[in-house]
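The sequence shown begins at 2 in the numbering used here and counts up one residue at a time.
Following: one structure in structure tokens, then a few remarks.
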Amino acid sequence: MYTNFSLEEVIAAVDDFLVKSGLSDNTLSRYRRFGFNYYRDGFSAEGCYFYSEDLAESLVVKFHQQVLNGQQSERDFRTIRKVHELMKEHVKNGKILYHDLPFWNIQYPCNELKEALDRYLASMEQLGYSELTIRDANSIIRLFLLHMESKGKHTLDCFSAEDIENYLPVLRKKWSSGMSNPICYLRGFFAFLYERQEIRQDLSLVLKVNAASKIKVKKGFEADEIEAILAAIDRSTPLGKRNFAMITLAVHSGLRQIDVLNLKLQDIHWKDAEISIVQRKTNRQLILPLDQETGDAIADYLLHGRPASKSTFVFLRSVAPYTNLKVGSCIGSRIVQKYAALSGVVWTTEERKGFHSFRRSLGRELLENDVPLCTISEILGHANRNSTKQYLSVDVKHLRECALPLNELRCTKEALL
Numbered sequence: 002m003y004t005n006f007s008l009e010e011v012i013a014a015v016d017d018f019l020v021k022s023g024l025s026d027n028t029l030s031r032y033r034r035f036g037f038n039y040y041r042d043g044f045s046a047e048g049c050y051f052y053s054e055d056l057a058e059s060l061v062v063k064f065h066q067q068v069l070n071g072q073q074s075e076r077d078f079r080t081i082r083k084v085h086e087l088m089k090e091h092v093k094n095g096k097i098l099y100h101d102l103p104f105w106n107i108q109y110p111c112n113e114l115k116e117a118l119d120r121y122l123a124s125m126e127q128l129g130y131s132e133l134t135i136r137d138a139n140s141i142i143r144l145f146l147l148h149m150e151s152k153g154k155h156t157l158d159c160f161s162a163e164d165i166e167n168y169l170p171v172l173r174k175k176w177s178s179g180m181s182n183p184i185c186y187l188r189g190f191f192a193f194l195y196e197r198q199e200i201r202q203d204l205s206l207v208l209k210v211n212a213a214s215k216i217k218v219k220k221g222f223e224a225d226e227i228e229a230i231l232a233a234i235d236r237s238t239p240l241g242k243r244n245f246a247m248i249t250l251a252v253h254s255g256l257r258q259i260d261v262l263n264l265k266l267q268d269i270h271w272k273d274a275e276i277s278i279v280q281r282k283t284n285r286q287l288i289l290p291l292d293q294e295t296g297d298a299i300a301d302y303l304l305h306g307r308p309a310s311k312s313t314f315v316f317l318r319s320v321a322p323y324t325n326l327k328v329g330s331c332i333g334s335r336i337v338q339k340y341a342a343l344s345g346v347v348w349t350t351e352e353r354k355g356f357h358s359f360r361r362s363l364g365r366e367l368l369e370n371d372v373p374l375c376t377i378s379e380i381l382g383h384a385n386r387n388s389t390k391q392y393l394s395v396d397v398k399h400l401r402e403c404a405l406p407l408n409e410l411r412c413t414k415e416a417l418l
């Protein structure tokens, strides 16, 4: 499908956006010399001078095949894809916002099933569910619909209770960490379809029994390990100042990574020494004290490390374009892993997982210092106090006090003496 935009007009808009984003001359030269010219040559070969998303998409697919054949590099493929996404966004929205590339070649079911999924996700957004919850629901339900399609079920009225029951073993293999959330998302999807009379049978009843959560409690870092990680950061560089401020904030506040990354300038109330945010996971307001050490670290970054930018986010990329750090990019894990390695702290993904380790460490420390569970729940911003109870199992100090003496038990076997 062709548009009224000439290819050169679209390329000029993308080029203008890249220049305003503050990219280096070398990076701009790469986009112009390699990215733009690839599409110019491809469109010219087809005798086309107006932008076509379908033609541009086919050129991306063609280039990807060359990558698979070893004829082109992954780096060049990312450049080609980036130009395609930016051109597409300009034509569709009339403006371009810098963002990370979406995952390549994500599969979606046929139109009827995908539209049903889109309607459900839109309803979740209207009900105030967080972005991460909607993203997880999308992933789980999309995989289910693709599975149904692979079984020849291309319409909603083909689904049956038996289909759901047969899918559960498949789901368990994909989600070995626990079935509670996947079942909850699928149950909500079926209830939504039944309420709107898009399916004749209420298939949510098949999943009415809650699956037991498979919780593995992780201790996080010890106090000396946190001290070593902070000491390993080179605070003489803008990047080091940013990472030191982010980790210090996480250590002292227990904020989730998503809330650290989304912290905005207006969230910090310097006169009152407070941080006030709306948590992305729970959509609940959380007000925490801003201690001296954290305040100094953030101030040092803002005054001496943060690049000039109109962005209201506190923590920005260290290279152009100077936008906020992207949620879901695993940047927190990479930052912690980097400094854990430099400090000699043993890093295993089985035991620790990025910024959340500092949150666990704070929860455990508060519990060991006899802070009431309800207070810890408020500090960590838990929507449900049951979420805080997991820290009881790592509070070795108080668990020892619960141990019963064995003095009254007679030992009748000599081997046990």
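Heads up, the beta-carbon is just placed ideally off N, CA and C, and yes, glycines get one too.
The structure displayed is predicted, hence computed values, not measured ones.
Element boundaries [alpha helix (DSSP H), containing residue i]
| i | result |
| --- | --- |
| TYR302 | 293-305 |
| SER45 | 38-46 |
| TYR323 | From DSSP, TYR323 is part of no alpha helix (DSSP H); its letter is neither H nor E. |
| SER334 | 332-344 |
| TYR186 | 181-196 |
| TYR121 | 112-127 |
| HIS253 | 239-254 |
| ARG201 | It is not in any alpha helix (DSSP H) - ARG201 carries neither H nor E in the DSSP assignment. |
| GLN258 | 258-262 |
| ASN27 | 26-31 |
| PHE160 | No alpha helix (DSSP H) holds PHE160; DSSP gives it neither H nor E. |
| THR80 | 75-94 |
| ASN139 | 132-151 |
| GLU223 | It is not in any alpha helix (DSSP H) - GLU223 carries neither H nor E in the DSSP assignment. |
Nonlocal neighbours in the same chain, by C-beta distance under 7 Å from residue i, ignoring five residues either side
| i | result |
| --- | --- |
| GLN258 | GLY333, GLY355, PHE356, HIS357 |
| SER344 | ALA229, ILE230, ALA232, ALA233 |
| GLU47 | LEU56 |
| HIS305 | LYS242 |
| THR324 | TYR99, SER312, LEU317, ARG318 |
| GLY129 | ASN284 |
Residues near residue i in its chain [Cβ-Cβ closer than 6 Å; skip 5 each side]
| i | result |
| --- | --- |
| VAL337 | GLY355 |
| ASP26 | none |
| ALA246 | ALA298, ILE299, TYR302 |
| LEU326 | LEU262, PHE316, ILE332 |
Start-to-end residues for the beta strand (DSSP E) that takes in residue i
| i | result |
| --- | --- |
| ASN286 | What sits at residue 286 in the sequence shown is Gln, not Asn. Counting along the chain, the beta strand (DSSP E) containing GLN286 begins and ends at 286-290. |
| SER310 | Element bounds for SER310: n/a, residue is neither H nor E. |
| GLU275 | 275-279 |
Exposure of residue i, with buried meaning 16 or more beta-carbon neighbours within 10 Å
| i | result |
| --- | --- |
| GLN280 | buried |
| ILE288 | exposed |
| GLU58 | exposed |
| ASP183 | The sequence given here places Pro at residue 183; Asp does not occur at that position. Under this definition PRO183 is a buried residue. |
| GLU366 | buried |
| SER362 | buried |
| LEU418 | The predicted model places LEU418 with a pLDDT of 48, which falls under 50 and marks its position as unreliable, so this point remains unresolved. |
| PHE112 | Before going further, note that residue 112 is Asn rather than Phe in the sequence given. Its Cβ having fewer than 16 others within 10 Å, ASN112 is exposed. |
| TYR340 | buried |
| ILE142 | buried |
| ILE97 | buried |
| ILE107 | exposed |
| TYR109 | exposed |
| ALA14 | buried |
| VAL346 | buried |
Spatial distance of residue i from residue j (CA atoms)
| i | j | result |
| --- | --- | --- |
| ASN5 | THR238 | 48 Å |
| ARG307 | SER22 | 16 Å |
| HIS85 | VAL61 | 8 Å |
| ARG285 | SER131 | 11 Å |
| LEU187 | SER277 | 34 Å |
| LEU19 | GLN127 | 34 Å |
| GLY296 | ASN139 | 38 Å |
| ARG173 | GLY95 | 43 Å |
| TYR52 | LEU381 | 50 Å |
| CYS159 | ASN70 | 40 Å |
| LEU144 | TYR168 | 11 Å |
| SER254 | GLY36 | 44 Å |
| LYS83 | ASP273 | 43 Å |
| SER7 | ASP42 | 14 Å |
| LEU291 | GLY189 | 39 Å |
| LYS209 | SER161 | 15 Å |
| LEU87 | ASN244 | 29 Å |
| ALA321 | SER30 | 15 Å |
| GLN293 | VAL252 | 13 Å |
| LEU147 | LEU157 | 12 Å |
| GLU75 | GLU90 | 22 Å |
| ARG33 | SER310 | 25 Å |
Residue i - partner residues in DSSP beta bridges
| i | result |
| --- | --- |
| VAL62 | None; VAL62 has no bridge partner. |
| ILE269 | ILE276 |
| PHE51 | SER7 |
Contact test: residue i Cβ vs the ligand ATP heavy atom, cutoff 7 Å
| i | result |
| --- | --- |
| ASP17 | Ligands displayed in this structure: none; no statement on the ligand ATP is therefore possible. |
Contacts around residue i, its chain only, beta-carbon distance under 8 Å, and the 5 residues preceding and following it disregarded
| i | result |
| --- | --- |
| PHE64 | TYR39, GLN73, ASP77, PHE78, ILE81 |
| ILE135 | LEU122, MET125, GLU126 |
Beta carbon proximity, residue i to chain D, threshold 8 Å
| i | result |
| --- | --- |
| TYR340 | Among the chains in the structure shown there is no chain D, since it carries only a single protein chain. |
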